[in-house]
Amino acid sequence: MRASKAPRIFSSFLLLISADSWRQSWAAFKNKHIDSKSRYPPHNMNLYCGNQMRNRRMTSPRCKPHNTFIYAPASIVQQVCQNISGPNAITSTVSFDLVDCRYTSGSPPNSCNYQGRMWTKYIVVTCVNYVPVHFIRFI
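As structure tokens, this is what we get:
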């Protein structure tokens, strides 16, 4: 009888770890890709990219080569995954205002320079447990 409890306890433990990791992934996704607080469109795309990348700690220990910011509330971005428990890649059915940032020069942590470009595009994300956890691309 004791042997049958161990697998159940272990599977419960894995479930807790899994739930915690997707919550962390959603939090990481929001930090890396969602901006609902800045003035949009940014006055200076390059300055916007540099500031956002630095403020979100994506310039240390190295300058991240590329990142895309979605200008929308997290709740709206989350709706892309509303029917997807995952892990599945899904393309949004609505377009989003985006700023795509690409590293151009400079050194970490405070001198990373970026070129920013504004787009209105559909996003492709990986969904797990009804939330986006990975930004794949925009189309």
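Mature numbering (1 follows the signal peptide of the UniProt record, and there is no 0) puts the sequence shown at residues -27 to -1, 1 to 112.
All residues carry an ideal CB built from backbone N, CA and C; glycine is no exception.
Any beta strand (DSSP E) of 3 or more consecutive residues that is wholly inside the region 55 to 90: 61 to 64, 69 to 78
Is it buried or exposed, Arg12, if we count other Cβ atoms within 10 angstroms and call 16 or more buried? exposed
Cβ shell of Tyr103 (< 7 Å), same chain only, five flanking positions each side left out: Listed in chain order, the non-local C-beta contacts of Tyr103 below 7 Å within the same chain comprise Cys54, Gln55, Ile57, Ser58, local neighbours out to five positions each way being set aside.
C-alpha distance - His39 paired with Pro81, whole-angstrom precision: For His39 and Pro81, the gap between their C-alpha atoms comes out near 14 Å.
Spatial neighbours of Asp8 within its chain, please: C-beta separation below 6 Å, excluding the five flanking residues on both sides. Here the set comprises Phe42, Tyr44.
Euclidean distance between Cα positions of Asn83 and Thr64: 34 Å
Could you tell me the distance, in whole angstroms, from the CA atom of Tyr95 to the CA atom of Ala1? 20 Å
Can you say whether Gln25 is buried or exposed, counting buried as having 16 or more other CB atoms within 10 angstroms of its CB? buried
Which value, in whole angstroms, describes the spacing of the CA atoms of Thr66 and Phe111? 12 Å
Using only the heavy atoms of the ligand ZN, determine whether one of them is closer than 8 Å to the beta carbon of Pro46. In the structure shown, the ligand ZN is absent, as is every other ligand, since no ligand is present at all.
Apply the 10 Å Cβ neighbour rule to Leu71 and answer buried if 16 or more other Cβ atoms are within range, or exposed otherwise. buried
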